Amino acid sequence: MAVLNVNIDHIATVRQARKTDEPDPVWAAAQCELAGANGITVHLRQDRRHICDRDVEILKKTVASKFNLEMSIAEPIVKIAERIVPDQVTLVPEKRAELTTEGGLDCVKNRKKLADVVKRMKKKKIIVSTFITPDADQIKASADLGCKAIELHTGMYANAKGERAVNKRLDDLVAARDLAMELGLVVHAGHGLTYRNIIPVARIDGICEFNIGHSIIARSLFSGIYDATCEMIDLLMQAQTY
Ligand code: PXP
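Per the numbering used here, the sequence shown starts with residue 179, numbered consecutively.
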């Protein structure tokens with residue numbers, strides 16, 4: 179059964195809009211866990227636009243489920259991960275001007291730096307996942323680097339318009355899942371997933387972990403984060419039951 183990690187970055191976005199102390203992502207994490215989330219995901223960006231060092235420090239101590247840190251491979255961030263020791267790191271590309279993570283990490287181009295980061299994370303017994311597009315070369319490079327998991331970028335699926343385009347993106351995810359599993363990788367997925375588009379992806383057997391943020395936090399404004407988390411978990415279960 180696939181599980182849900184809630185990405186709580188945008189709770190911190192609201193706090194940072196006023197540079198104050200509320201809403202606290204630490205409170206949000208506890209509510210998500212009470213609602214049955216498998217884990218909590220945060221992205222400590224280099225510009226600290228939402229999640230801050232203090233959040234990561236406290237969440238490491240308070241998250242009772244899986245604590246998944248999304249991070250770039252920039253050296254100062256790698257050093258923080260070595261110190262904090264989250265349960266899992268998901269390595270992502272990062273551009274300062276982007277609104278959200280664009281594209282996947284290029285594991286072929288960044289092979290040398292990645293080899294060093296993967297080795298350092300493994301030394302700390304941290305699960306390493308790479309956030310990549312559903313592309314054979316990226317999957318093979320992640321396996322060669324010794325990563326335990328990959329997170330398939332579902333943004334192209336989420337942005338696809340029309341049945342044909344959507345089905346093509348789903349086929350890409352299925353092919354990527356097949357290759358990844360053949361190479362012994364654990365398969366996660368995320369980005370752009372919503373209450374409206376999750377079901378077809380959740381029906382892909384073998385994708386065992388979803389990282390979902392914006393849609394859950396958006397809904398939580400109206401229904402509260404506990405209920406918003408429960409609703410997404412219900413959809414994952416429905417998708418896998420019928
Ligand atoms: N997975 C990764 C690697 C991401 O960078 C993000 C965005 O921070 C997500 C999942 C969550 O995406 P969304 O907020 O669109 O659900």
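Beta carbons are placed, not taken as given, at the ideal position from N, Cα and C, and that holds for glycine. Since we're looking at a predicted model, the values are computed, not measured.
Can you give me the Cβ contacts of Lys238 inside the same chain, cut-off strictly under 8 Å, excluding the 5 residues immediately before and after it? Your numbering for residue 238 matches position 60 in the sequence shown. Same-chain partners within the cutoff: Phe245, Ile262, Val263, Pro264.
How many Å lie between Cys325 and Val306 at the Cα? Sequence index remark: in the sequence shown, residue 325 carries index 147 (1-based). Sequence index remark: in the sequence shown, residue 306 carries index 128 (1-based). Taking the straight line from one Cα to the other gives about 5 Å.
Where does Lys244 fall in DSSP's three states? For the purposes of this step, residue 244 is taken as the residue at position 66 of the sequence shown. Strand.
How about the stretch 315-329 and the stretch 338-348: do they share at least three Cβ pairs that are nearer than 8 Å? No, the stretch 315-329 is not in contact with the stretch 338-348.
In terms of alpha-carbon separation, which member of Phe309, Ile251, Thr311, Leu414 lies closest to Thr372? Position 194 of the sequence shown, counted from the start, is the residue given in the question as residue 372. Nearest of Phe309, Ile251, Thr311, Leu414 to Thr372, Cα basis: Leu414.
Are there three or more Cβ pairs, one per stretch, closer than 8 Å when the stretch 186-197 is compared with the stretch 210-228? yes
Counting only beta-carbon separations shorter than 8 Å, does Ala338 have a partner in chain B? Looking at the structure shown, chain B is missing, and only one protein chain is on hand.
Which of helix, strand or coil does DSSP assign to Glu276? Residue mapping note: residue 276 aligns to position 98 of the sequence shown, counting from 1. Coil.
Those runs of the alpha helix (DSSP H) which lie wholly inside the stretch 308-382 and span at least 4 residues: Listed in chain order, they are 314-322, 333-337, 341-360, 376-380.
Thinking just about the alpha-carbon of each residue, which of Ser401, Ile403, Tyr404, His392 is nearest to the one in Thr191? Counting from 1 along the sequence shown, the entry for residue 191 is found at position 13. Among Ser401, Ile403, Tyr404, His392, the Cα nearest to that of Thr191 is on His392.
Distance cut-off 7 Å: Val286 Cβ against heavy atoms of ligand 1: The sequence position of residue 286 within the sequence shown is 108, counting from 1. Not under cutoff, so the answer is no.
Please classify Pro254 as buried or exposed, where buried requires at least 16 neighbouring CB atoms within 10 angstroms. The residue given as residue 254 occupies position 76 in the sequence shown. By the neighbour-count rule (16 or more Cβ atoms within 10 Å), Pro254 is not buried but exposed.
N- and C-terminal bounds of the beta strand (DSSP E) containing Gln266: Within the sequence shown, the letter at position 88 stands for residue 266. 266-269 is the extent of the beta strand (DSSP E) around Gln266.
Taking the beta strand (DSSP E) that Leu283 falls in, what are its first and last residues? By one-based count along the sequence shown, residue 283 stands at place 105. Careful: Leu283 lies outside any beta strand (DSSP E) and carries neither H nor E.
Could you work out which residue in Cys386, Ala206, Arg196 is closest to Leu399 when comparing CA atoms only? The sequence position of residue 399 within the sequence shown is 221, counting from 1. Of the listed residues, the one whose Cα sits closest to Leu399 is Ala206.
Could you pull the DSSP bridge partners for Glu387 from this structure? For the purposes of this step, residue 387 is taken as residue 209 along the sequence shown, with counting starting at 1. For Glu387, which the question treats as bridged, DSSP gives the partners Val181, His366.
Closer than 7 Å to a non-hydrogen atom of ligand 1 - does that hold for the CB of Phe245? Numbered from 1 along the sequence shown, position 67 holds the residue referred to as residue 245. No, since every heavy atom of ligand 1 falls outside the 7 Å radius drawn around the Cβ of Phe245.
Given a cut-off of 8 Å on the beta-carbon distance, is the pair Gln266 and Ile304 in contact? For this step, residue 266 is matched to residue 88 along the sequence shown. For this step, residue 304 is matched to residue 126 along the sequence shown. Taking 8 Å as the Cβ cut-off, Gln266 and Ile304 qualify as a contacting pair.
Close-in-space but distant-in-sequence residues of the same chain around Gln209 (CB under 8 Å, 5 per side omitted): The residue you call residue 209 lines up with position 31 of the sequence shown. Only Gly402, Ile403, Tyr404, Thr407 meet the Cβ criterion.
Evaluate Met410 with the Cβ neighbour count: other Cβ atoms within 10 Å of its Cβ, from every protein chain shown; 16 or more gives buried, anything less gives exposed. Here residue 410 refers to the residue found at position 232 when the sequence shown is read from its first residue. Result: buried.
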